[in-house]
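Colleague: Sequence positions in the sequence shown follow the working numbering and run 15 to 534.
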Amino acid sequence: MLVLLGGLGLGLSHIPLPLWVLAWIALAPLLMLWDRTESLSPKSLIQFAAEIYTAFLIAYAVAFFWPLLHTFSKLHMLSRTTVLSFGSLLLVPAIFTIPFVASLPYRRLRGRWFGFAVLVLFYLAIELLFTFTGFPWPMLGHSQSGVAPLIQFAEVTGVSGISLWVLLLNGLAFGYFIAARRKQRVKVALAAVVMLTATLGFGLWRGGQVSDTNEYVTVGLVQPAMDENTWTERFGASRVGRLIALSDSLIDAMNAPPIFMIWPEMAIPAPATTSRHQFVQEQLQAWTDRREVALLSGALVPAQMMGRPSRFYNRALLYRPYSAPLHYDQVHALPYKPHVPISTQSPWFPPAKHSSFLMGAAQGTLLFDDIRIGVLLGFEVLLGEYARGYPRQQADFLAVLTQDGWWGDTPGYRQHLNYLRLRSIETRRSIVQVAASGSTALLAPDGSVIFRADSRQSTARLAAVPIQKGLTIYARFGNWLGLTALILSVVLVLWSFLVTGWRSWQSLDSTGHHVEALPG
Numbered sequence: 015m016l017v018l019l020g021g022l023g024l025g026l027s028h029i030p031l032p033l034w035v036l037a038w039i040a041l042a043p044l045l046m047l048w049d050r051t052e053s054l055s056p057k058s059l060i061q062f063a064a065e066i067y068t069a070f071l072i073a074y075a076v077a078f079f080w081p082l083l084h085t086f087s088k089l090h091m092l093s094r095t096t097v098l099s100f101g102s103l104l105l106v107p108a109i110f111t112i113p114f115v116a117s118l119p120y121r122r123l124r125g126r127w128f129g130f131a132v133l134v135l136f137y138l139a140i141e142l143l144f145t146f147t148g149f150p151w152p153m154l155g156h157s158q159s160g161v162a163p164l165i166q167f168a169e170v171t172g173v174s175g176i177s178l179w180v181l182l183l184n185g186l187a188f189g190y191f192i193a194a195r196r197k198q199r200v201k202v203a204l205a206a207v208v209m210l211t212a213t214l215g216f217g218l219w220r221g222g223q224v225s226d227t228n229e230y231v232t233v234g235l236v237q238p239a240m241d242e243n244t245w246t247e248r249f250g251a252s253r254v255g256r257l258i259a260l261s262d263s264l265i266d267a268m269n270a271p272p273i274f275m276i277w278p279e280m281a282i283p284a285p286a287t288t289s290r291h292q293f294v295q296e297q298l299q300a301w302t303d304r305r306e307v308a309l310l311s312g313a314l315v316p317a318q319m320m321g322r323p324s325r326f327y328n329r330a331l332l333y334r335p336y337s338a339p340l341h342y343d344q345v346h347a348l349p350y351k352p353h354v355p356i357s358t359q360s361p362w363f364p365p366a367k368h369s370s371f372l373m374g375a376a377q378g379t380l381l382f383d384d385i386r387i388g389v390l391l392g393f394e395v396l397l398g399e400y401a402r403g404y405p406r407q408q409a410d411f412l413a414v415l416t417q418d419g420w421w422g423d424t425p426g427y428r429q430h431l432n433y434l435r436l437r438s439i440e441t442r443r444s445i446v447q448v449a450a451s452g453s454t455a456l457l458a459p460d461g462s463v464i465f466r467a468d469s470r471q472s473t474a475r476l477a478a479v480p481i482q483k484g485l486t487i488y489a490r491f492g493n494w495l496g497l498t499a500l501i502l503s504v505v506l507v508l509w510s511f512l513v514t515g516w517r518s519w520q521s522l523d524s525t526g527h528h529v530e531a532l533p534g
């Protein structure tokens with residue numbers, strides 16, 4: 015029952031519904047299992063690990079079932095990509111089982127709360143290492159991403175700080191449940207109230223400070239609301255023509271045109287021939303010259319134009335009036351999805367054959383009219399360590415170009431939108447997201463959503479994007495908290511095994527009970 019309660023609570027807290035408060039207590043049942051595990055025998059450890067794994071498996075099945083649905087929908091292809099995707103999703107819960115199991119000896123040797131402190135340390139270290147796997151969704155701090163007033167301190171700590179905050183609340187919940195006396199429970203409850211009040215008070219105060227700005231840039235956002243299959247299979251000028259028509263209707267309705275028009279990821283299709291490629295380029299450049307508006311658009315660009323290309327760039331192109339275009343190529347792609355999801359009758363795209371992406375070499379802002387834009391393409395919005403590089407390059411705001419319709423009417427695109435709050439708070443930059451069929455939105459530097467277009471809604475909308483300058487502590491130093499936890503974890507483990515480890519382990523028999531005192 016504890017396993018089920020913990021798993022469901024943690025999973026539901028990640029769903030973009032008002033259930034995020036469940037994350038504050040979801041780990042308490044697992045901590046009770048952790049506290050009851052007396053023996054450190056291999057059999058006992060395996061049983062405990064299986065229970066914790068099951069809880070996290072339930073949690074991630076509830077919170078992130080939409081990648082599973084997408085994976086299962088591709089099973090008929092029997093590709094290596096599908097097998098690796100499914101396998102990695104099963105491996106994720108095992109990784110987050112490690113802190114619970116690895117902290118047990120410390121609890122047995124040094125006591126309950128020392129063991130809990132070690133568990134927290136290991137958990138933050140594991141989260142840091144996990145970000146390098148390319149699947150950062152399950153970070154505990156993401157469960158709070160939809161509640162901007164509670165996560166304003168992310169400008170200092172990033173997501174790791176929010177994970178620490180949630181872990182401490184769970185520690186208080188655990189302390190409340192195991193307290194033997196009413197007086198102890200009252201003290202724990204008061205500590206939780208103080209912690210929540212202080213966090214909320216800081217968030218409301220800091221959010222009000224950040225939202226105070228007098229500098230704005232006007233942009234036009236176009237969401238064509240085309241479904242996944244149509245967006246990836248339609249090639250030629252027809253899609254571009256629709257986007258131009260929506261853009262024209264917006265510009266014509268305004269007294270003054272926006273500085274930028276922004277289209278979604280892969281809005282400009284891959285050309286079927288070299289001549290078609292040249293025609294589309296000239297068409298868009300002529301449009302920006304005539305309208306005197308810069309155009310930022312996603313594009314699928316072949317790495318070569320002679321013969322049949324086998325590699326493509328997921329690119330953001332910035333067309334500027336009477337100037338050569340600038341571009342940014344996606345640097346980080348979705349793990350185990352290194353393929354262009356395209357199947358057409360074009361001679362460049364044989365039926366049922368997918369071509370691999372090429373990754374860009376470096377991050378870089380795009381400049382027009384003294385405005386610098388930091389571009390994130392699709393999956394890159396989940397990477398706080400990557401997004402923080404743009405303020406360091408003096409970006410005035412961030413633009414997210416995405417398709418976001420892959421997951422259909424599931425929590426997928428709504429979770430992604432919530433994660434934008436974290437990026438805006440971490441960097442203190444406004445963020446515009448333009449989706450093909452997900453959710454187009456404008457977020458302020460305090461993480462609040464200024465407006466959001468509904469999924470599947472065709473729209474062209476004007477947005478006044480607030481401009482902020484300067485660098486946050488997180489933008490300057492990155493995930494210093496996670497790195498500190500990792501260093502301390504390594505030091506603790508080395509100290510345990512190299513200095514006190516042998517004699518400490520001698521103090522435990524095969525069942526995990528003391529047979530001699532711990533030295534010192």
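Just so it is clear, CB atoms sit at the ideal spot from N, CA and C, and this is done for glycine as well. Note that this is a predicted model, so its numbers are computed, not measured.
Is the separation between the beta-carbon of Phe293 and that of Asn328 shorter than 7 Å?
Modeller: Contact flag unset, no.
Colleague: Using the C-alpha atoms, what's the distance from Gln297 back to Ile109?
Modeller: Answer to the nearest angstrom: the Cα atoms are 50 Å apart.
Colleague: Only counting runs of 3 or more residues, tell me where the beta strand (DSSP E) segments fall wholly within the segment 122-158, in order along the chain.
Modeller: Complete beta strand (DSSP E) runs here, min 3: none at all.
Colleague: Name the one or two DSSP bridge partners that Gln447 has.
Modeller: DSSP lists Val414, Ala455 as partners of Gln447.
Colleague: Would you give the residue range spanned by the beta strand (DSSP E) that His346 belongs to?
Modeller: Counting along the chain, His346 falls outside any beta strand (DSSP E), and DSSP gives it neither H nor E.
Colleague: Do you know how far the Cα of Leu264 is from the Cα of Leu476?
Modeller: Their backbone Cα atoms lie some 8 Å apart in a straight line.
Colleague: Do you know offhand how far Leu123's Cα is from Gln198's?
Modeller: Distance between the alpha carbons of Leu123 and Gln198: 24 Å.
Colleague: Look up Leu235 in the DSSP assignment and say whether it is helix, strand or coil.
Modeller: It is a strand residue.
Colleague: Under a three-way DSSP split, which group does Pro6 fall into?
Modeller: No information on residue 6 is available, as it lies outside the stretch 15 to 534 that the chain covers here.
Colleague: I'd like to confirm the pairing. Which residues does DSSP put opposite Ile282 in its beta bridges?
Modeller: DSSP, once it has assigned bridges, lists Ala313 as partnering Ile282.
Colleague: Quick check on DSSP: helix, strand or coil for Thr227?
Modeller: If DSSP states are grouped into helix, strand and coil, Thr227 belongs with coil.
Colleague: To the nearest angstrom, how far is the alpha carbon of Ile178 from that of Asn269?
Modeller: According to the sequence shown, residue 178 is Leu rather than Ile. About 49 Å.
Colleague: Which of the three DSSP states is assigned to Gly388 in this structure?
Modeller: In this structure, Gly388 counts as strand in the three-state DSSP scheme.
Colleague: Using the C-alpha atoms, what's the distance from Ala467 back to Ala308?
Modeller: For Ala308 and Ala467, the distance between alpha carbons rounds to 22 Å.
Colleague: Which full runs of the alpha helix (DSSP H) of 4+ residues lie inside the segment 462-489, going along the chain?
Modeller: Listed in chain order, nothing qualifies, since the segment 462-489 has no complete alpha helix (DSSP H) run of 4 or more residues.
Colleague: With DSSP as the reference, identify every bridge partner of Asn493, one or two as the case may be.
Modeller: Looking at the DSSP assignment, Asn493 forms no beta bridge with any residue, so it has no partner.
Colleague: What is the DSSP secondary structure of Met373, reduced to helix, strand or coil?
Modeller: Of the three classes helix, strand and coil, the one that applies to Met373 here is coil, per DSSP.
Colleague: Rounded to a whole number of angstroms, what is the C-alpha to C-alpha distance between Gly125 and Leu182?
Modeller: If you take the alpha carbons of Gly125 and Leu182, they lie about 17 Å apart.
Colleague: What residue range does the beta strand (DSSP E) around Arg329 cover?
Modeller: Element bounds for Arg329: 325-334.
Colleague: Got a sec, what are the start and stop residues for the alpha helix (DSSP H) Ile112 sits in?
Modeller: Unbroken alpha helix (DSSP H) run through Ile112: 112-116.
Colleague: From Trp151 to Leu397, what does the alpha carbon distance come to, in whole angstroms?
Modeller: Distance between the alpha carbons of Trp151 and Leu397: 10 Å.
Colleague: For Gly23, collect the residues of the same chain with a Cβ closer than 7 Å to its Cβ; drop the 5 residues on either side in sequence, then sort them by chain order.
Modeller: Same-chain partners within the cutoff: Leu36, Ile39, Ala40.
Colleague: Among the candidates Ile385, Leu133, Leu31, whose CA atom is the shortest distance from the CA of Gln158?
Modeller: Considering only alpha carbons, the answer is Leu31.
Colleague: Using DSSP with H/G/I as helix, E/B as strand and the rest coil, what is Ile258?
Modeller: It is helical.
Colleague: Looking at chain D, is there any beta carbon in it that lies within less than 7 Å of the beta carbon of Arg50?
Modeller: Among the chains in the structure shown there is no chain D, since it carries only a single protein chain.
Colleague: If we call anything under 7 Å between Cβ atoms a contact, is Pro272 one with Val236?
Modeller: In this structure, Val236 does not lie closer than 7 Å to Pro272 by Cβ.
Colleague: If you reduce the DSSP assignment to three classes, tell me which class Pro339 lands in.
Modeller: Strand, per DSSP.
Colleague: Within its chain, find whatever has a CB closer than 7 Å to the CB of Val106; leave out the 5 residues flanking it on each side and keep chain order.
Modeller: These residues qualify, in order along the chain: Tyr74, Phe149, Pro152.
Colleague: Whose C-alpha, out of Glu279, Arg305, Ala347, is nearest the C-alpha of Leu331?
Modeller: Ranking the options by Cα distance to Leu331, first place goes to Glu279.
Colleague: Please classify Leu536: does DSSP put it in a helix, a strand, or coil?
Modeller: Here the chain has residues from 15 to 534 only, and residue 536 is not among them.
Colleague: Please name the residue, chosen from Phe62, Ser53, Lys57, Thr441, that lies closest to Leu3 on a Cα-to-Cα basis.
Modeller: Here the chain has residues from 15 to 534 only, and residue 3 is not among them.
Colleague: For Asp460, I'd like the list of residues in its chain whose CB is within less than 6 Å of its CB, leaving aside the five on either flank, ordered along the chain.
Modeller: Gly221, Val224, Ser225.
Colleague: Return the chain-ordered list of same chain residues with a C-beta closer than 7 Å to the C-beta of Gly185, the five sequence neighbours on each side being excluded.
Modeller: Taken in chain order, the residues that qualify are Phe130.
Colleague: How would you label Leu446, buried or exposed, when you count the other beta carbons within 10 angstroms and need 16 or more for buried?
Modeller: Sequence check: residue 446 is Val here, not Leu. Buried, because 16 or more other Cβ atoms sit within 10 Å of the Cβ of Val446.
Colleague: According to DSSP, is Met275 part of a helix, a strand, or is it coil?
Modeller: Note: Met275 maps to strand in three-state DSSP.
Colleague: Taking the C-alpha atoms as reference points, what is the distance between Ser311 and Ile282?
Modeller: Straight-line Cα distance between these residues: approximately 7 Å.
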